[in-house]
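This report refers to the structure that appears directly beneath it.
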Amino acid sequence: MTPTYYVRSDKGFLSTRELGKTVLRDMEDRVPTDTVAVNIDFAGIVAMTVSFTDEFLGQYYSALATHGGRPAAVALTGLNEDVRETIAMCLERRDLIALEQQAEQLTLLAASDVLVATFALAQELGKFTAMTVAERLGITAPNANNRLKRLVSARALAREQGVAERGGKEFNYFIPALATGSRS
Amino acid sequence: MLDTVRIQLAGRAPLQRSDLAPDFCEDEQSLVLDARYLTWASPLELAAIVTLAVTAATRGRQPTLLLPHNDDVASYMARMDVLEHLDGIAKIDKTVVTQSRSDHRSKLMEVTGVTGANAAAVTETLGAMAVERLGPRVGIAAFKSLGELLDNATTHGQSDVGAFTAAQLYSGATSGRPGFEFAVCDAGVGILEHLRTSYRYQDLDDGRVALERALENGVSGTPECRGYGLGDLGDAVTRTGAGRLILRGAGAIASVRLRGQRPIISRSAVVPAEGTWALLRVKVS
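Residue numbers (the numbering used here), protein chains in the order written: chain A, 51 to 234; chain B, -13 to 271.
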């Protein structure tokens, strides 16, 4: 079961950098370090300031992009239009992206058209290699690798090491399972 | 050493004008806040009076408040807890007869001390008020703006005095201008000194320019990926219609009309105060 961290407040309004840091620390304390996937739920949050969001999610996704390892998948859920817009604004400024899950639908936030197209293909393919993406999109292998690397850094895509047809190593990519489950 | 002894607050919302002229003399022992001819007090006057008095008292000076001759304005100042904050630290020239206090939590926030510990809670209360009275679109924009102002006041504007905030929703029946006004005053280092901590602005020496820079996106004295607070403020409110942001500090006053192209109008002003004062006004059509 995928743990879910619930972002909550009394009246639904979140602000200040200090609170952003506090919520980030709380999430890091509550979500097990060995968890494979995590959902961050914002249901009930009416609005967040840019400063709060930057200190919470901006810092979180920056750390994910810098370090490999777990969680392998992170999805944001329960976003209303304004919260989505604020998160996208913060991520764009840091050149980061994130994955939003609404029921069964997965959407990238703050992503370029190129990454959106690559992710759409990923959902269609199921499990695939960078070479498959390169062939399907008519791009070079390095270009495909770069795009997939960005999606993995954002925890929108997962990968596992496999064996290439002619020997050697290659990665298999796939959309991680993000069913909601236990509360953190 | 010359220092301010008397600040006259006269007319309607005087702190929104650049011509506020304090008297100077060589007496550093007292500060007189002369509000006798004040005919309208916005949240900025209320928060600023408290901030000035508390700052003076903290610095070892004796503040005195001369209350408005206008009984309505004097009563309003009492209702908004100005006198409560000054109790014990300032001389007040007369007694105000206060009426029983009705619960107007959805329309106003009395002058409130804000620190890093309670800023998020105060902002949340104001956000709920704004959304309830202004509707989700305008209310959320107002919340985001005042949230950034309060965050700045309790971080960049941190001091031993603290910061003070006040807010008021106007139906327009008395003022003729329905809307929401929010103010926060701090006694911190001020915008000019804050920006100078960054190597990019270390040669900045003009308060007017400092205020204008602070209202641009991406400008900050901090090294991290910050500096979007005050720039966001204008963007958030602009998208919902019209409003105005007034920043006072560093020897200047800057006014940004939050509509369309957002021209920033700044003027030099004699500001007898430490820190930064901000007023956000959101119009309701």
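We put the CB at the ideal spot given by N, CA and C, even for glycine.
Could you give the DSSP three-state label for residue i: helix, strand or coil?
i         : result
B/Gly235  : strand
B/Ser16   : strand
B/Pro54   : coil
B/Val(-9) : strand
A/Arg216  : coil
A/Phe178  : strand
B/Ser252  : strand
A/Ile90   : strand
A/Ala18   : The question about residue 18 of chain A has no answer, for chain A in this structure spans 51 to 234.
B/Thr111  : helix
B/Ser241  : strand
B/Gly158  : coil
A/Thr230  : A caution first: A/Thr230 carries a pLDDT of 45, below 50, which makes its placement in the model unreliable, though a value can still be read off. Strand at A/Thr230.
B/Thr151  : strand
A/Ala125  : strand
B/Arg47   : coil
Identify the continuous alpha helix (DSSP H) that holds residue i and give its terminal residues.
i        : result
A/Asn196 : 191 to 203
A/Lys71  : 67 to 80
A/Tyr111 : 109 to 116
B/Val268 : Per DSSP, B/Val268 belongs to no alpha helix (DSSP H); it is in the beta strand (DSSP E), 262 to 269.
A/Phe106 : Unbroken run through A/Phe106: none, as it is neither H nor E.
B/Ala197 : In the sequence as presented, Ala is not what sits at residue 197 of chain B; that position holds Leu. That run of the alpha helix (DSSP H) goes 193 to 200.
B/Leu24  : No alpha helix (DSSP H) holds B/Leu24; the beta strand (DSSP E) holding it covers 24 to 26.
A/Ile147 : Neither: A/Ile147 is in no alpha helix (DSSP H) and is coded neither H nor E.
For the beta strand (DSSP E) containing residue i, name the first residue and the last one.
i        : result
B/Leu1   : Segment: none, B/Leu1 is in no beta strand (DSSP E) and carries neither H nor E.
B/Lys130 : B/Lys130 -> not in any beta strand (DSSP E); alpha helix (DSSP H) instead, spanning 122 to 140.
A/Asp237 : Only positions 51 to 234 of chain A appear in the structure, and residue 237 of chain A is not among them; the question remains open.
B/Phe166 : 165 to 172
A/Ile121 : Checking the sequence shown, residue 121 of chain A turns out to be Pro, not Ile. Careful: A/Pro121 lies outside any beta strand (DSSP E) and carries neither H nor E.
A/Pro53  : 52 to 56
B/Val68  : No beta strand (DSSP E) contains B/Val68, which is instead part of the alpha helix (DSSP H) from 68 to 72.
B/Thr44  : B/Thr44 -> not in any beta strand (DSSP E); alpha helix (DSSP H) instead, spanning 29 to 44.
B/Val97  : 94 to 100
With a threshold of 7 Å on Cβ separation, who are the neighbours of residue i within its own chain once the five nearest residues in sequence on each side are excluded?
i        : result
B/Arg286 : Outside the displayed span of chain B (-13 to 271) sits residue 286 of chain B, for which this structure offers no information.
A/Met181 : Ala191
B/Leu132 : Thr109, Leu112, Phe168, Leu266
A/Ala170 : none
A/Ile158 : One point to set straight first is that residue 158 of chain A is Leu, not Ile, in the sequence displayed. Excluding sequence neighbours, A/Leu158 sits near Ile147, Leu149, Leu165, Val166, Phe169, Ala206.
A/Leu228 : Thr52, Ala87, Asn89, Ala123, Ala125, Gln151
Closer than 6 Å by C-beta to residue i: which residues in its own chain qualify, once you throw out the five before and the five after it? Chain order, please.
i        : result
A/Gly70  : Phe102, Glu105, Phe106
A/Gly231 : Confidence at A/Gly231 is low in this model, with a pLDDT of 43, below 50, so the placement of that residue is unreliable and no value is reported for it.
A/Tyr56  : Asp91
B/Gly102 : Thr140
B/Ala264 : Leu135, Val170, Leu233
B/Ile251 : Ser241
B/Leu32  : Met66, Val68, Val97, Ala152
Under 8 Å by Cβ, that's how I've got residue i and residue j pegged, so tell me the actual separation to the nearest angstrom.
i        : j         : result
B/Leu17  : B/Val(-9) : 7 Å
B/Leu148 : B/Gly99   : Sequence check: residue 148 of chain B is Gly here, not Leu. Correct: roughly 5 Å between the Cβ atoms.
B/Leu52  : B/Ala60   : With 8 Å as the limit, B/Leu52 and B/Ala60 do not qualify as a contact, their Cβ atoms being about 10 Å apart.
A/Thr127 : A/Gln155  : The pair is not a contact, with the Cβ atoms about 11 Å apart (cut-off 8 Å).
Cutting at 8 Å between CB atoms, please list the residues of its own chain near residue i, excluding the five before and the five after it.
i        : result
B/Asn56  : Leu24, Thr25
A/Asn193 : Ala184
B/Cys211 : Model confidence at B/Cys211 stands at a pLDDT of 49, short of 50, so the residue's coordinates are unreliable and nothing is read from them.
A/Glu142 : Ala160
B/Thr37  : Val147, Ala149, Phe150, Cys171, Asp172, Ala173, Ala259, Gly261, Trp263
Self-check item: chain A contacts made by the region 113 to 125 of chain B, where a contact means CB separation under 7 Å
Solution: Taking 7 Å as the Cβ-Cβ cut-off, the region 113 to 125 of chain B approaches chain A at Gly113, Ala114, Val117, given in chain order.
Exercise. Scan the region 134 to 157 of chain B for residues whose Cβ lies nearer than 8 Å to a Cβ of chain A and list them as they occur along the chain.
Key: If the cut-off is 8 Å between Cβ atoms, the region 134 to 157 of chain B has Glu134, Leu136, Asp137, Thr140, Thr141 near chain A.
Exercise. May I ask you to list, following chain order, the residues of the region 52 to 67 of chain A that have a beta carbon less than 8 Å from some beta carbon of chain B?
Key: Look at the region 52 to 67 of chain A: the residues with a C-beta under 8 Å from a C-beta of chain B are Ser59, Asp60, Lys61, Gly62, Phe63, Leu64, Ser65, Thr66, Arg67.
Quiz item: Residues in the region 79 to 98 of chain A with C-beta within 9 Å of chain B's C-beta atoms, listed in sequence order?
Solution: Val96, Ala97, Met98
Practice problem: Below 9 Å between beta carbons is the criterion; list the residues of the region 121 to 152 of chain A that meet it against any residue of chain B, in chain order. | Solution: From the region 121 to 152 of chain A, only Asp132, Thr136, Met139, Cys140, Arg143, Arg144 have a Cβ closer than 9 Å to chain B.
Quiz item: For the region 20 to 34 of chain B, which residues have a beta carbon sitting closer than 8 Å to at least one beta carbon of chain A?
Solution: Residues of the region 20 to 34 of chain B with a C-beta less than 8 Å from any C-beta of chain A: none at all.
Quiz prompt | Interface residues of the region 97 to 109 of chain B facing chain A [CB-CB below 7 Å] | solution = Gly102, Ala105, Ala106, Thr109
Exercise. Give the residues from the region 177 to 192 of chain A that approach chain B closer than 7 Å (Cβ to any Cβ), ordered along the chain.
Key: none
Practice problem: Compile a chain-ordered list of the residues in the region 163 to 176 of chain B whose CB is closer than 8 Å to at least one CB of chain A. | Solution: Residues of the region 163 to 176 of chain B with a C-beta less than 8 Å from any C-beta of chain A: none at all.
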